[in-house]
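Numbering (our numbering), first residue to last: 4 to 227. One structure below.
Structure follows, in C-alpha cells:
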C-alpha cells in the first residue's frame, strides 16, 4: 500500500535509493501518492552506468516506464539531474517531469548562474539546455561526487562543511551571478544550509520538480 495520497502513485525514478526515497517523501508530504524506483544501488554504480553503459541505462529506464504504464501508473518524476542528461524522455511511455523541464523554465529568466551538480553529466545536461534556449547564459559549473557520497553516508551537515561549497558560494557572490542553481537532487537536503550562508537567490531543482509534479497530478501547486 502506498501512503501519502490517493489515486495512482507517481513513479519517482532516480539514480539511487537515496534520491528516489527523498523524491517520494517530498511528494507524499504534498499529499501525492508516490513510489520510488532506483536505477542503481549506489552513486558509484550510477556513475559507472552513466559513463560506461548509457545505452543500457536508457533502455532500462524506458522499459521501466513501459512496465509502470502497463501496471496503471500515469505520471513519472525523474528525480535525478545526471540521469536526465543521459536518458531522453521525449516520447516515453509515461509523461515525465524532469530536471530538463525545470531548466527550460528557469534559463530564460537568468543571465548567469553558479550550477552545482553531483557529476559532470548533470553539468552537461544543464549546459546543453542553455545552448539550445539561452545561448548567452553565463554558467559557472562545479560538480562534486564526494559531496553526494557524504550526503548518502547520513551526516548532511558534516558533508556540507567538508565540501567545496562554502568557498564556491562566496565566489559566486563575488562574481555577482544572478543565482545559485542546485542541479543535483541530493543537494535538496542541503538547501537550508546553503540559504543560511548565501546571499544570492538559490534555486533548488529538486524542490521545483516536486512542485511541477504536484501540479501535474492535482492541478494545484503545493501548499508550502
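Quick reminder that beta carbons are idealized off the backbone N, C-alpha and C, glycines included. None of these values were measured; they are calculated from a predicted model.
Alpha-carbon to alpha-carbon, residue 21 and residue 35: If you take the alpha carbons of residue 35 and residue 21, they lie about 19 Å apart.
Best match in 128, 121, 13, 29 for proximity to residue 72 [C-alpha to C-alpha]: Ranked by Cα distance from residue 72, the options 128, 121, 13, 29 are led by 13.
Spatial neighbours of residue 217 in its chain, beta-carbon cut-off 6 Å, leaving aside the 5 residues before and after: The residues are 33, 35, 225.
Option nearest residue 105 by Cα separation, candidates 188, 176, 68: Of all alpha-carbon atoms in 188, 176, 68, the one lying nearest the alpha-carbon of residue 105 is that of 188.
Meets three-Cβ-pair contact criterion under 8 Å: the stretch 193-207 and the stretch 164-180: Taking 8 Å as the limit for Cβ pairs, the verdict is that the stretch 164-180 does touch the stretch 193-207.
Run of the beta strand (DSSP E) containing residue 207, from where it starts to where it stops: Residue 207: member of the beta strand (DSSP E) spanning 205-207, first to last residue.
Beta carbon of residue 154 nearer than 8 Å to that of residue 82: Going by C-beta atoms, residue 154 is not nearer than 8 Å to residue 82.
Residue 144 and residue 171 closer than 8 Å at C-beta: The answer is no: Cβ separation not under 8 Å.
Sequence-distant residues of its chain with Cβ nearer than 7 Å to residue 4 (five each side left out): Here the model assigns residue 4 a pLDDT of 30, short of 50, so the residue's position is not dependable and the matter cannot be decided.
Beta bridge counterpart(s) of residue 116 as assigned by DSSP: 142, 182, per the DSSP bridge assignment.
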